[in-house]
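Trainee: Numbering (the UniProt record's numbering), first residue to last: 1 to 314. To start, I am sharing the structure in question, which I have written as structure tokens.
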């Protein structure tokens, strides 16, 4: 019994000492009985802090992994573009009037359109989408630098960020399209006439040197003689050693200036098709060329006289 009283007195002494320490520390009306409860709450708070620290560290690792993955994805897009450029270089040769001009990931209008569709209901202005598209190269860069949005689209940054968080999963790996434009004789194709566009198409087809056989029906329907000689004939002669060309034509420049190895002259009469063939050096073939393609010998001779007269004056 005496031992129990002694322990009770000892505990009371400790309790009074703790109360005095709390009073000296400026804690008023503190109940020492709440000490264990407060200690448990402190331990719980420290545990949560540890969990948040680990989560923050994990998030940092995830951000690093995402940055590396996006960087690799961008490198793959660049590699893909270089392969496309290599193919286009075969078409846009230095001496060719046809050029295909490409720009890497330059279709920012497409980026704006994707943003606008993803942010449906946001009531953001068109200028906001344009500013974002012009500032960031793609959605990956946008996400990694989202903290800079307030300085770029100040008034709309909060709304934009909210929608971005909701849609980033579908946007982050979206590839900004490359842009391509076709130039013919130094001007965009859309600024040329239909005939000139047909010339560009013909040159494009002929420049595809991976074809063993090329068949073209009446190219003169859309091409003038100057284009046929300046562009088409020159390409044909250069490609003849490795490509077989078959033309159906009424234009004499193609078999004659193209140095055709075989000409098949066809004539329809009395419900039948009559054909005669041979090289351009064969007299019979030459007669057919003069008759069918040049309007007959008389017309041929007359043009030769006129052309000779013109040449003597130049």
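Just so it is clear, CB atoms sit at the ideal spot from N, CA and C, and this is done for glycine as well.
In angstroms with no decimal places, state the Cα-to-Cα distance between residue 50 and residue 164.
Mentor: 30 Å
Trainee: Just verifying my parser: in three-state terms, what is the DSSP assignment at residue 244?
Mentor: Under the three-state reduction of DSSP, residue 244 is assigned to strand.
Trainee: DSSP on residue 226, reduced to helix/strand/coil?
Mentor: helix
Trainee: Taking only three categories from DSSP, how would you classify residue 157?
Mentor: helix
Trainee: Can you pull the DSSP bridge partners for residue 180?
Mentor: 102
Trainee: Assuming contact is defined by CB atoms lying nearer than 8 Å, are residue 316 and residue 257 in contact in what I supplied?
Mentor: Because the chain spans 1 through 314 in this model, residue 316 falls outside it and cannot be assessed.
Trainee: For my contact list, residue 265 and residue 288 are in at a C-beta cut-off of 8 Å; report their separation, rounded to the angstrom.
Mentor: 4 Å
Trainee: Given a cut-off of 8 Å on the beta-carbon distance, is the pair residue 203 and residue 98 in contact?
Mentor: yes
Trainee: Taking one C-beta from the region 95–109 and one from the region 154–173 each time, how about it: are there three or more such pairs within less than 8 Å?
Mentor: no
Trainee: Between the Cα of residue 187 and those of 200, 115, 179, 177, spot the shortest distance and give me the residue it belongs to.
Mentor: 200
Trainee: Is residue 148 closer than 8 Å to residue 129 when the C-beta atoms are compared?
Mentor: no
Trainee: Run through DSSP, which three-state label would residue 283 get?
Mentor: helix
Trainee: For the pair the region 75–92 and the region 191–198, tell me if three or more CB-CB distances fall below 8 Å.
Mentor: no
Trainee: When DSSP labels each residue in this structure, what does residue 216 get in the three-state scheme?
Mentor: Correct three-state label for residue 216: strand.
Trainee: Specify the secondary structure class of residue 313 as computed by DSSP and reduced to three states.
Mentor: coil
Trainee: Does the beta-carbon of residue 285 have 16 or more other beta-carbons within 10 angstroms, so that it is buried, or is it exposed?
Mentor: buried
Trainee: When DSSP builds the beta bridges, which residues end up paired with residue 263?
Mentor: Answer by DSSP bridge pairing, in chain order: 278.
Trainee: Can you tell me the Cα-Cα spacing of residue 222 and residue 249, whole angstroms?
Mentor: It is roughly 12 Å from the alpha-carbon of residue 222 to the alpha-carbon of residue 249.
Trainee: Which of the three DSSP states, helix, strand or coil, is assigned to residue 255?
Mentor: Residue state, collapsed to three classes: helix.
Trainee: Using the Cα positions of residue 167 and residue 140, report the straight-line distance between them to the nearest angstrom.
Mentor: 12 Å
Trainee: Within its chain, find whatever has a CB closer than 6 Å to the CB of residue 228; leave out the 5 residues flanking it on each side and keep chain order.
Mentor: 253
Trainee: Quick check on residue 188: does DSSP put it in helix, strand or coil?
Mentor: DSSP, reduced to helix, strand and coil, places residue 188 within a strand of the structure shown.
Trainee: Taking 8 Å as the limit between beta carbons, can you name the residues of its chain near residue 67, skipping five residues before and five after?
Mentor: 144
Trainee: If you draw a straight line from the alpha carbon of residue 37 to that of residue 161, how long is it in whole angstroms?
Mentor: Roughly 42 Å between the two C-alpha positions.
Trainee: In angstroms, rounded to a whole number, what distance separates the CA positions of residue 239 and residue 213?
Mentor: 11 Å
Trainee: May I have the straight-line CA-CA distance separating residue 169 from residue 73, to the nearest angstrom?
Mentor: 15 Å
Trainee: Quickly, what does DSSP pair residue 268 with across the bridge? List them, please.
Mentor: 273
Trainee: What does a CB cutoff of less than 8 Å around residue 179 pick up in its chain, not counting 5 residues either side in sequence?
Mentor: By the criterion of a C-beta distance shorter than 8 Å, residue 179 is surrounded in its chain by 102, 103, 106, 107, once the five residues flanking it on both sides are discounted.
Trainee: Is it buried or exposed for residue 275, if we count other Cβ within 10 angstroms and need 16 for buried?
Mentor: exposed
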